[in-house]
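Taking it in order: structure first as structure tokens, then the write-up.
There are 2 protein chains.
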Amino acid sequence: MDKSICPRFEKAMSILSQRWTGLIIYQLLGGPQRFCSLESSIGVSGRVLSERLKDLENEGIVKREVFPETPVRIEYSLTDKGVALEPLMRDIENWSQNWI
Amino acid sequence: MDKSICPRFEKAMSILSQRWTGLIIYQLLGGPQRFCSLESSIGVSGRVLSERLKDLENEGIVKREVFPETPVRIEYSLTDKGVALEPLMRDIENWSQNWI
DNA sequence: ATAATAACTTACATAAAGTAAGTAACTATA
DNA sequence: TATAGTTACTTACTTTATGTAAGTTATTAT
């Protein structure tokens, strides 16, 4: 091995290349969403969605807010770090329109 | 399920969010590379690299060229479709510099 | 004849993701 | 009071994906 790739870039890739991460972020660009809403619009299993949201929260990309209503409402949204991924998502959008 | 995500976008994501795909494309932006060179610079196993390169070839993102020298030389490079991913890779680079 | 090299492939083990059922906390309905 | 409904999970179990290490093919060098 003679890794010549920037560790920051690799770290970013390791986050973004996890299954479902991109779609979760893309969905949240449209505004805050609830667990079940993400689950159904993306088509990810609850088990993995739960895991991914925790990871993204730990990375400071997603924010979790609890509203103690009945039944409880929990909203997920993007932090500034998450919103900073918008240009990237737009590039994927453009590329997919031109080449897929 | 009420999928509201553009199928082209989803398809693009399913390619790009596969483990190692991003790093392979990123490395090939620097020019054609051989199998063993990709293997060592990225740190992916040969088994999976082989699988990925086939997938990317099938998607028309990567081109495989055989040079019948001794020992044989095989070079992988990006097609136009692959090169079109450069802005995206630059965005990931930028984001990682600012936020990681 | 043996070893070396590149580019894979195969067999087997471990890690990640999917599926379906279960839980907690509360409310609405019978 | 009991039953069922709702949201946001978690748990146990199965299937798929990836890693590891050894083997294969074709060719040249020693």
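For the protein sequence lines, the chains are A and B, in the order given.
All residue numbers for the first sequence refer to our numbering, where the first residue is 89 and numbers rise by one.
All residue numbers for the second sequence refer to our numbering, where the first residue is 89 and numbers rise by one.
In this text, a Cβ means the ideal position worked out from N, Cα and C, and glycines have one as well.
If you're wondering where the values come from, they're calculated on a predicted model, not measured in any experiment.
Rounded to a whole number of angstroms, what is the C-alpha to C-alpha distance between residue i and residue j?
i, j, result
"E157 of chain A", "F97 of chain B", "35 Å"
"D143 of chain B", "I113 of chain B", "12 Å"
"R178 of chain A", "V171 of chain B", "17 Å"
"R210 of chain B", "N186 of chain A", "Since the first residue shown for chain B is 89 and the last is 188, residue 210 of chain B is missing from the structure and cannot be characterised."
"L141 of chain A", "I188 of chain B", "18 Å"
"P95 of chain B", "P159 of chain B", "43 Å"
"L104 of chain A", "Q121 of chain A", "19 Å"
"E139 of chain A", "N146 of chain A", "11 Å"
Considering only the beta carbon of each residue, do residue i and residue j sit closer than 9 Å?
i, j, result
"L176 of chain A", "L173 of chain B", "no"
"L126 of chain A", "I149 of chain A", "no"
"L137 of chain B", "F123 of chain B", "yes"
"S184 of chain B", "K99 of chain A", "yes"
Among residues of its own chain, excluding the 5 on either side of residue i, which ones have a beta-carbon nearer than 6 Å to its beta-carbon?
i, result
"E153 of chain A", "E163"
"G119 of chain A", "none"
Out of the options, which one is the CA nearest neighbour of residue i?
i, options, result
"R107 of chain A", "B:S102, B:V136 and B:G110", "B:S102"
"G131 of chain B", "B:G110, B:N186 and B:L166", "B:G110"
"K151 of chain A", "A:V160, A:P95, A:L116 and A:K99", "A:L116"
"S129 of chain A", "B:I188, B:I93 and B:E181", "B:I93"
So, for residue i: in the same chain, excluding its five sequence neighbours on each side, which residues have a beta-carbon less than 7 Å away from its beta-carbon?
i, result
"K169 of chain B", "G148 and I149"
"N182 of chain A", "none"
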